[in-house]
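Q:
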Amino acid sequence: REVCFDLVFIKKSLIFCNNPLIYLHKYRGKSINNHSMEFNQRIMSQDKRNYYEILGCSMDANPEELKKSYQSLILKHHPDKRSVAEEHDETFHLIDTAYKVLRDAELRKIYDAELLQKEFCSMPLVFDTVNRKEFVWDEESDLMCRTCRCGGTYILPEEDEFVDNESIFVACDECSLVIEVLIK
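Residue numbers (the working numbering): 3 to 186.
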């Protein structure tokens, strides 16, 4: 059986795994089609949804739910059912790729780990939590500021940017530290 997934996924999996030998040992018996990898890399860069969103399933969906969703979507987007104007629509291939990755238990574990890694990397690592009242008005810059431990400055955005939020994240302008500012 041939497994198709994108090149970016393979590279990230190798990095996430920290040991390429484990990765190669796990997938030694599975072939990877180079054309499919290039194609999947292209369509995944165009479509920002994850494979679960593409199939309309939750991350805890069982194999039967995945299959049912896949079958209904594949019937709807099959190339034989499309008009000539929709000929270049790659949705069918994206649905097929999503299902091929999620139906395989080992690939699904790696894909889930990749999603968690992306989520973790997108969340700021909060150094401290402070109240908005701990910021001081800087008359020179006409902004609410707080000094970072590196000597840089946390600058609070305009109040209309966080009216509905209970807290916001503010990054230092000199280093990588982020603080959570409690608004209410």
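Note that beta-carbon positions come from the ideal geometry of N, C-alpha and C, so glycine has one too.
Thinking residue 151 and residue 183 are a contact (beta carbons under 8 Å), I'd like their distance in whole angstroms, please.
A: Not a contact, Cβ separation roughly 16 Å.
Q: Straight-line CA distance for residue 169 to residue 76?
A: One C-alpha to the other measures close to 43 Å.
Q: For residue 129, which three-state DSSP category applies?
A: The three-state secondary structure of residue 129, taken from DSSP, is strand.
Q: Grouping DSSP H, G and I as helix and E and B as strand, with all else coil, what is residue 169?
A: strand
Q: Would you tell me roughly how many angstroms separate the C-alpha atoms of residue 33 and residue 149, rounded to the nearest one?
A: In this prediction, residue 33 has a pLDDT of 36, which is less than 50 and means its spatial position is unreliable; nothing more can be read from the coordinates.
Q: Which residue or residues does DSSP assign as beta-bridge partners of residue 148?
A: Looking at the DSSP output, residue 148 bridges to 156.
Q: Judging by CA-CA distance, which residue of 145, 153, 155 and 154 is the nearest neighbour of residue 161?
A: Its Cα nearest to that of residue 161, the residue 145 stands out among 145, 153, 155 and 154.
Q: Pick from 58, 68 and 180: whose alpha carbon is nearest that of residue 125?
A: Minimum Cα distance to residue 125 is reached at 180.
Q: For residue 72 and residue 54, which I take to be in contact (beta-carbon distance under 8 Å), what is that distance rounded to the nearest angstrom?
A: About 12 Å separates the two Cβ atoms, so there is no contact after all.
Q: In whole angstroms, what is the alpha-carbon distance linking residue 26 and residue 60?
A: For residue 26, the predicted model reports a pLDDT of 32, less than 50, meaning its position is unreliable and no value from the coordinates is stated.
Q: So if DSSP puts residue 182 in a beta bridge, which residue, or which two residues, is it bridged to?
A: Per DSSP, 131 and 171.
Q: Would you report the Cα separation of residue 136 and residue 186, rounded to the nearest angstrom?
A: The straight-line gap from Cα to Cα measures roughly 13 Å.
Q: Measure the alpha-carbon distance for residue 158 versus residue 140 and round it to whole angstroms.
A: In this structure, the alpha-carbon of residue 158 lies about 11 Å from that of residue 140.
Q: Looking at the unbroken beta strand (DSSP E) that takes in residue 140, where does it start and where does it end?
A: 138-140
Q: Would you kindly work out how many angstroms separate the C-alpha atoms of residue 105 and residue 69, rounded to a whole number?
A: 8 Å
Q: Would you call residue 118 buried or exposed, if buried means 16 or more other Cβ atoms sit within 10 Å of its Cβ?
A: exposed
Q: Is any heavy atom in the ligand FMN found nearer than 7 Å to the beta carbon of residue 84?
A: As presented, the structure is devoid of all ligands, the ligand FMN included, so that no description of it is given.
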